[in-house]
Each structure stands twice: as structure tokens, then as C-alpha cells.
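Peer 1: One structure, pasted below without further comment.
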Amino acid sequence: MIASCISLFAHAQSSVTLFGVVDNGIGYTSNQKGHSNIQIRGGQLNADKFGLQGKEDIGSGTAVIFKLEQGYDINTGAQAVSGLAFNRQANVGITNDHYGTLSAGRQYTPYFFLLGTMAPAAYLSGSAAHPGDITNLDADFRVNNSVSYMSPTWSGFQFGAMYAFGGTPGSVSSGNTFDAAVKYANGPFSAGVGFHRMKNATGTTNVWAGTSSLPTSAINAGYVSADTVQIIGVAAQYSTGNVNVGANYANVQYRPNGSSSFTDTATFNVVGTYVNWLVRPDISLNAAYSYTAARAANNITDPARYHQISATELYLLSKRTAIYFVQSYQLATGKTLGSGSITNPISAVASVGDAQNGAPSSNGHQFLAILGIRSFF
Numbered sequence: 001m002i003a004s005c006i007s008l009f010a011h012a013q014s015s016v017t018l019f020g021v022v023d024n025g026i027g028y029t030s031n032q033k034g035h036s037n038i039q040i041r042g043g044q045l046n047a048d049k050f051g052l053q054g055k056e057d058i059g060s061g062t063a064v065i066f067k068l069e070q071g072y073d074i075n076t077g078a079q080a081v082s083g084l085a086f087n088r089q090a091n092v093g094i095t096n097d098h099y100g101t102l103s104a105g106r107q108y109t110p111y112f113f114l115l116g117t118m119a120p121a122a123y124l125s126g127s128a129a130h131p132g133d134i135t136n137l138d139a140d141f142r143v144n145n146s147v148s149y150m151s152p153t154w155s156g157f158q159f160g161a162m163y164a165f166g167g168t169p170g171s172v173s174s175g176n177t178f179d180a181a182v183k184y185a186n187g188p189f190s191a192g193v194g195f196h197r198m199k200n201a202t203g204t205t206n207v208w209a210g211t212s213s214l215p216t217s218a219i220n221a222g223y224v225s226a227d228t229v230q231i232i233g234v235a236a237q238y239s240t241g242n243v244n245v246g247a248n249y250a251n252v253q254y255r256p257n258g259s260s261s262f263t264d265t266a267t268f269n270v271v272g273t274y275v276n277w278l279v280r281p282d283i284s285l286n287a288a289y290s291y292t293a294a295r296a297a298n299n300i301t302d303p304a305r306y307h308q309i310s311a312t313e314l315y316l317l318s319k320r321t322a323i324y325f326v327q328s329y330q331l332a333t334g335k336t337l338g339s340g341s342i343t344n345p346i347s348a349v350a351s352v353g354d355a356q357n358g359a360p361s362s363n364g365h366q367f368l369a370i371l372g373i374r375s376f377f
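Numbering (UniProt numbering), first residue to last: 1 to 377.
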């Protein structure tokens with residue numbers, strides 16, 4: 001009996017892989033809450049993380065899969081998100097070569113999986129993400145209590161859909177999340193479109209039962225009491241030789257209800273473009289630009305505008321390890337809502353990508369530069 005258990009355990013272990021990223025560097029920021037700052041910063045090209053993923057073949061092209069993934073702070077050893085042992089992913093599912101993959105747990109959205117590869121952050125890091133990552137193209141949305149389906153690729157098309165249960169007693173819709181996306185790839189060209197909608201569990205604070213990871217920054221701080229957040233995004237990329245060129249657009253809406261601290265739907269239109277050039281197998285140069293524009297609403301006649309330019313240079317020391325240099329600058333103008341009343345709009349402040357979500361500038365300018373090293377395992 002004991003021998004059989006040991007044999008089964010060893011067999012299960014043979015399908016389990018440990019993976020992760022170690023990333024650290026020195027960064028300079030021109031303005032963090034009123035002061036310049038030089039600091040050691042982890043996870044600035046790729047987030048520091050480790051995890052386990054497993055796959056057990058059960059026959060006929062079908063396998064049981066799981067993934068457990070934890071983010072961490074390389075400079076303190078702390079969890080990336082306090083209280084979450086596997087803040088990035090924790091899910092289990094079943095996959096088939098012909099029918100696709102069905103999974104359940106805490107996971108990324110089909111919107112991100114299918115469109116995120118055609119966004120600036122995929123090549124340039126979170127410092128090039130659309131401001132605050134309000135467009136969900138840089139992996140900040142991780143959805144709890146979710147069931148997700150991803151199809152195989154059929155004639156160049158792949159699609160996915162997700163539903164997350166809100167878990168609110170007495171209500172089916174409160175706190176739930178729905179997400180769907182489709183991507184087409186044919187030779188050097190690829191394009192996709194996605195939809196993401198999530199409901200607030202309370203309408204008064206940033207409590208999303210379907211997801212505990214709605215990114216909050218200076219860009220959307222005045223709208224976290226929204227009843228609904230909705231994102232519609234499109235992205236495309238063309239690859240020729242060693243150059244990838246892409247563009248994307250998203251419409252982001254924060255919709256209030258009677259309990260919200262604002263009264264009108266807050267709408268942001270976001271456009272971006274990027275270029276990735278593989279100069280030689282060990283050197284790549286990357287550049288991106290994005291423009292984010294809010295619409296006039298909530299007593300604001302001069303709505304916020306955010307211009308952002310970014311660059312990343314990467315040198316591979318090996319297949320797993322690279323040295324990188326990241327630069328990003330953002331200019332913010334106009335007015336927005338802070339965490340206070342809609343009767344008192346505030347001047348928009350700069351907050352580069354999603355790298356500065358917790359440390360915005362005190363004015364409309366912010367510049368960030370980071371020199372670091374990253375290694376996969």
C-alpha cells in the first residue's frame with residue numbers, strides 16, 4: 001500500500017515544473033509625490049514570481065493541468081500582495097488538443113491572453129503600459145472565482161470566454177465578471193478584439209468580488225466606487241523579419257450607480273503604438289507611445305489627457321538572462337477626480353505606466369529610468 005502511494009506520488013511529480021523570474025535593478029524617478037527618488041526596484045522588466053505548473057496525460061489527447069503562481073518582492077522577500085499566497089494565478093483545468101482548455105480558479109482573462117501580446121508592455125515592460133493599465137493589457141486583472149474556456153487555433157482563429165461568480169448572497173450579478181476575446185493570426189499579421197466587464201460588489205468602495213486586482217492609480221482613483229467597469233479593446237500587429245509593429249485602441253468606462261461617489265459615466269479612450277526591433281539575436285530595441293483621453297463629465301470641462309513615450313533596450317547574456325535599460329516619460333494635463341467630491345476636480349498628475357501606480361508625480365510630469373538584470377528559471 002505504502003509502495004503504491006509512493007509510486008503514484010512520484011508519477012505525479014514527474015509532470016510538475018518549477019518556473020519563475022528574478023528581476024532587480026536601480027531606478028530613478030523624477031517626481032514621486034513631490035520628490036525625486038533613486039531606489040532599488042524589483043520586477044521592472046518582468047515581474048518577480050515563482051510557481052508550479054503541472055500536466056497529467058489521461059489519454060486521447062486530454063490532460064489535467066494546474067498552475068500556482070506567486071509574486072514576491074525580491075528586495076524584502078515579502079509577498080507581492082499581502083494575504084494572497086498565490087496572488088498571480090491559482091487554477092486547475094482540463095485541456096484537449098482538439099477541443100481546447102477549460103479551467104477554474106484565479107486566473108488571467110482571455111482578453112489579456114489574446115490581446116496582451118499585441119501591446120506595448122509585452123515588449124517594453126510595465127513602464128510602457130497604458131497609464132494605470134486601465135485597458136487590461138498588462139496582466140493587472142486577475143479574476144477570482146472564475147471559469148474560463150480557451151479554444152484551440154482553428155484556421156488562424158482562437159477565442160476565449162470567462163465568467164466569474166460574484167459570490168454576493170442574494171444577487172447573481174453583484175460582483176461578477178464577464179470577459180471574451182477573439183484573435184486571428186495569418187503569417188506576419190495578427191489582430192484581436194476583446195470585451196471585459198465587471199461589477200462592483202458594494203458600489204461604495206473598490207470591492208470586486210470577481211476580481212481582487214482592479215488596478216488603482218492616479219488615473220482612475222476618483223472612479224473606484226463605480227458600479228461597473230467595462231473595457232472594449234482592439235489590437236493588431238505586423239511582423240516583418242526582425243521588426244514587430246503594433247497598434248491598439250481601448251474604450252474604458254466607469255459606470256456609477258446611486259451609491260457611487262460620482263454621477264456620470266467616466267470614459268477614457270486610449271490609443272497606443274509600438275515597435276520592436278531585434279537588431280541581432282542578443283540585442284533588441286523597443287519604443288512605444290500612448291495617448292489617453294478622458295471625456296468631459298462629472299463637472300469637468302477640461303478632462304484629463306495623458307501622453308506617454310517609452311523605450312527599452314535589452315541585451316541577452318544568455319537564453320535566460322538579460323541586462324535591460326528602461327526609460328519612460330508621461331505628461332498629464334487637464335482635470336480629473338481624486339478620491340474626494342465631484343464638486344472639487346483636481347489637476348491630473350502623471351503616473352508612468354502601471355509601474356508608478358502607488359507613487360504618482362505631484363504634478364503633470366514624470367520621468368522614469370531603470371537599469372536592471374532579469375533571469376528566467
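Every residue gets a Cβ at the ideal spot worked out from N, C-alpha and C, and that includes glycine.
All values derive from a computational prediction rather than experimental measurement.
Starting from Phe178, trace the beta strand (DSSP E) both ways and give me its first and last residue.
Peer 2: Numbered from its first residue, the sequence shown carries residue 178 at position 178. 177 to 186 is the extent of the beta strand (DSSP E) around Phe178.
Peer 1: Shortest alpha-carbon distance to Ala121 belongs to which of Ser103, Asn251, Asn286?
Peer 2: Locating residue 121 in the sequence shown gives position 121, counting from the first residue. Residue Asn286 is the option with its Cα nearest to Ala121.
Peer 1: Can you tell me whether Pro281 is buried or exposed? The criterion is at least 16 other CB atoms within 10 Å of its CB, across all chains shown.
Peer 2: Looking up residue 281 in the sequence shown gives position 281. It counts as exposed.
Peer 1: For Ala104, which residues of its own chain have a beta-carbon under 8 Å away from its beta-carbon, when the five flanking residues on both sides are left out?
Peer 2: For this step, residue 104 is matched to residue 104 along the sequence shown. The residues are Asn91, Val92, Gly93, Ser146, Val147, Ser148.
Peer 1: Would you list the residues sitting across from Lys199 in a DSSP beta bridge?
Peer 2: As a first step, residue 199 must be located in the sequence shown, where it is residue number 199. Its beta-bridge partners are Thr228.
Peer 1: Tell me which residues share the same chain as Gln39 and place their Cβ nearer than 7 Å to its Cβ, disregarding the 5 neighbours each side in the sequence.
Peer 2: By 1-based counting over the sequence shown, the position of residue 39 is 39. Cβ neighbours of Gln39 beyond the five flanking positions: Gly27.
Peer 1: Please return the same chain residues whose Cβ sits closer than 6 Å to the Cβ of Phe195, not counting the five positions on each side in sequence.
Peer 2: To locate residue 195, count along the sequence shown from 1; it is residue 195. If we look at Phe195 and ignore the five residues flanking it on each side, its Cβ neighbours are Ala180, Ile232.
Peer 1: Can you check whether the C-beta of Ile231 is within less than 8 Å of a C-beta belonging to chain B?
Peer 2: Chain labels in this structure do not include chain B; a single protein chain is all it has.
Peer 1: Could you check how far apart the C-beta atoms of Ala288 and Tyr274 are, in whole angstroms? I think they sit under 8 Å.
Peer 2: Residue mapping note: residue 288 aligns to position 288 of the sequence shown, counting from 1. Residue mapping note: residue 274 aligns to position 274 of the sequence shown, counting from 1. The Cβ separation is near 4 Å, so the contact holds.
Peer 1: When burial is assigned at 16 or more other CB atoms within 10 Å of the CB, is Gly77 buried or exposed?
Peer 2: If you number the sequence shown from 1, residue 77 lands on position 77. Its Cβ having fewer than 16 others within 10 Å, Gly77 is exposed.
Peer 1: List the whole-angstrom C-beta distance separating Phe367 from Ser60, where the pair is believed to meet the contact cut-off of C-beta under 8 Å.
Peer 2: If you number the sequence shown from 1, residue 367 lands on position 367. If you number the sequence shown from 1, residue 60 lands on position 60. With a Cβ gap of about 56 Å, Phe367 and Ser60 do not count as contacting.
Peer 1: Looking only at C-alpha atoms, which of Phe377, Lys319, Gly334, Ala311 sits nearest to Val352?
Peer 2: Residue 352 sits at position 352 when you count from the first residue of the sequence shown. Val352 has its Cα closest to that of Ala311, out of Phe377, Lys319, Gly334, Ala311.
Peer 1: What does a CB cutoff of less than 6 Å around Leu316 pick up in its chain, not counting 5 residues either side in sequence?
Peer 2: Translated into the one-based positions of the sequence shown, residue 316 becomes position 316. Contacts found: Asp282, Ala322.
Peer 1: Counting only runs that start and end within the region 111 to 183, where is the beta strand (DSSP E) found for 3 or more residues in a row?
Peer 2: Correct list: 143 to 150, 157 to 164.
Peer 1: Using the rule of at least 16 other Cβ atoms within 10 Å of the residue's Cβ for burial, across every protein chain shown, is Leu68 buried or exposed?
Peer 2: For the purposes of this step, residue 68 is taken as the residue at position 68 of the sequence shown. Label assigned to Leu68: buried.
Peer 1: Rounded to a whole number of angstroms, what is the C-alpha to C-alpha distance between Arg374 and Ala218?
Peer 2: The count along the sequence shown starts at 1 and reaches residue 374 at position 374. The count along the sequence shown starts at 1 and reaches residue 218 at position 218. Rounded to the nearest angstrom, the two C-alpha atoms are 28 Å apart.
Peer 1: Helix, strand or coil: how does DSSP classify Ala287 here?
Peer 2: Looking up residue 287 in the sequence shown gives position 287. Reduced to three states, the DSSP call for Ala287 is strand.
Peer 1: Just to confirm, does Gln53 get its C-beta within under 7 Å of one of the non-hydrogen atoms of the ligand COA?
Peer 2: Looking at this structure, you won't find the ligand COA or any other ligand, since it has none at all.
Peer 1: Under 8 Å: do the region 150 to 158 and the region 123 to 141 share three or more Cβ pairs, one atom per stretch?
Peer 2: With a cut-off of 8 Å, the region 123 to 141 and the region 150 to 158 do not count as touching, because too few Cβ pairs lie within range.
Peer 1: When the Cβ atoms of the region 184 to 192 are set against those of the region 220 to 232, are three or more pairs found closer than 8 Å?
Peer 2: Counting Cβ pairs under 8 Å, fewer than three are found: no touch.
Peer 1: Using DSSP's beta-bridge definition, name the partner residues of residue 379.
Peer 2: Because the chain in this structure spans residues 1 to 377, residue 379 falls outside the shown range and cannot be described.
Peer 1: For Gln53 and Pro215, I'd like the C-alpha separation in whole angstroms.
Peer 2: Position 53 of the sequence shown, counted from the start, is the residue given in the question as residue 53. Position 215 of the sequence shown, counted from the start, is the residue given in the question as residue 215. Approximately 26 Å, taken between the alpha carbons.
Peer 1: Could you give the C-beta distance for Ser225 and Ser261, rounded to a whole number, given that I count them as a contact under 8 Å?
Peer 2: On the sequence shown, residue 225 is found 225 positions in, with the first residue counted as 1. On the sequence shown, residue 261 is found 261 positions in, with the first residue counted as 1. Confirmed, about 5 Å.
Peer 1: Return the residue from the list Tyr249, Pro360, Asn200 that minimises the CA-CA distance to Leu115.
Peer 2: As a working note, residue 115 is residue 115 in the sequence shown. Closest option to Leu115, Cα to Cα, is Tyr249.
Peer 1: Hey, could you find the ends of the beta strand (DSSP E) Gly59 is sitting in?
Peer 2: Mapped onto the sequence shown, residue 59 falls at position 59. Per DSSP, Gly59 belongs to the beta strand (DSSP E) from 49 to 59.
Peer 1: Work out the CA separation of Thr135 and Gly338 for me, nearest whole Å.
Peer 2: Taking the sequence shown and counting its residues from 1, the one referred to as residue 338 is at position 338. Taking the sequence shown and counting its residues from 1, the one referred to as residue 135 is at position 135. One C-alpha to the other measures close to 19 Å.
Peer 1: Indicate the three-state DSSP secondary structure (helix, strand or coil) for Gly358 in the structure shown.
Peer 2: Translated into positions along the sequence shown, residue 358 becomes position 358. Coil.
Peer 1: Between which residues of its own chain and Leu102 is the CB-CB distance below 7 Å, once the five residues before and five after are set aside?
Peer 2: Reading the sequence shown from its first residue, position 102 is the one you call residue 102. Within the same chain, Leu102 has close Cβ partners Gly93, Ile94, Tyr149.
Peer 1: Measure the beta-carbon distance from Gln330 to Gln308 and round it to whole angstroms, keeping in mind my assumption that it falls under 8 Å.
Peer 2: Residue 330 sits at position 330 when you count from the first residue of the sequence shown. Residue 308 sits at position 308 when you count from the first residue of the sequence shown. That pair is a contact at about 4 Å.
Peer 1: With a CB to CB cut of under 8 Å and the five nearest residues on each side skipped, what residues in its chain are close to Gln79?
Peer 2: In the sequence shown, counting from the first residue as 1, residue 79 sits at position 79. If we look at Gln79 and ignore the five residues flanking it on each side, its Cβ neighbours are Gln70, Gly71, Tyr72, Asp73, Ala85, Asn87.
Peer 1: Rounded to the nearest angstrom, what separates Leu137 and Ala355 at their Cα positions?
Peer 2: Position 137 of the sequence shown, counting from 1, holds the residue named residue 137. Position 355 of the sequence shown, counting from 1, holds the residue named residue 355. Answer to the nearest angstrom: the Cα atoms are 13 Å apart.
Peer 1: My understanding is that Ala191 touches Ala236, with C-beta atoms under 8 Å, so please give their C-beta distance in whole angstroms.
Peer 2: Counted from its first residue, the sequence shown places residue 191 at position 191. Counted from its first residue, the sequence shown places residue 236 at position 236. Their Cβ separation, rounded to whole angstroms, is 4 Å, which keeps Ala191 and Ala236 in contact under 8 Å.
Peer 1: On the DSSP bridge assignment, give the partners of Leu16 in chain order.
Peer 2: Within the sequence shown, numbered from 1, the residue matching residue 16 stands at position 16. Residue identity check: residue 16 is Val in the sequence provided, not Leu. According to DSSP, Val16 bridges with Gly54.
Peer 1: With a Cβ-Cβ cutoff of 8 Å, do Ala293 and Ala266 count as a contact?
Peer 2: The residue labelled residue 293 in the question sits at position 293 within the sequence shown. The residue labelled residue 266 in the question sits at position 266 within the sequence shown. No, the pair does not count as a contact, with Cβ atoms beyond the cut-off.
Peer 1: Apply the 10 Å Cβ neighbour rule to Val270 and answer buried if 16 or more other Cβ atoms are within range, or exposed otherwise.
Peer 2: Taking the sequence shown and counting its residues from 1, one reaches residue 270 at position 270. Val270 should be labelled buried.
Peer 1: Got a sec? Which residues, its chain only, sit under 6 Å from Phe159 by beta carbon, not counting five neighbours each side?
Peer 2: Translated into positions along the sequence shown, residue 159 becomes position 159. For Phe159, where only same-chain residues beyond five positions count, the Cβ hits under 6 Å are Ser151, Val182.
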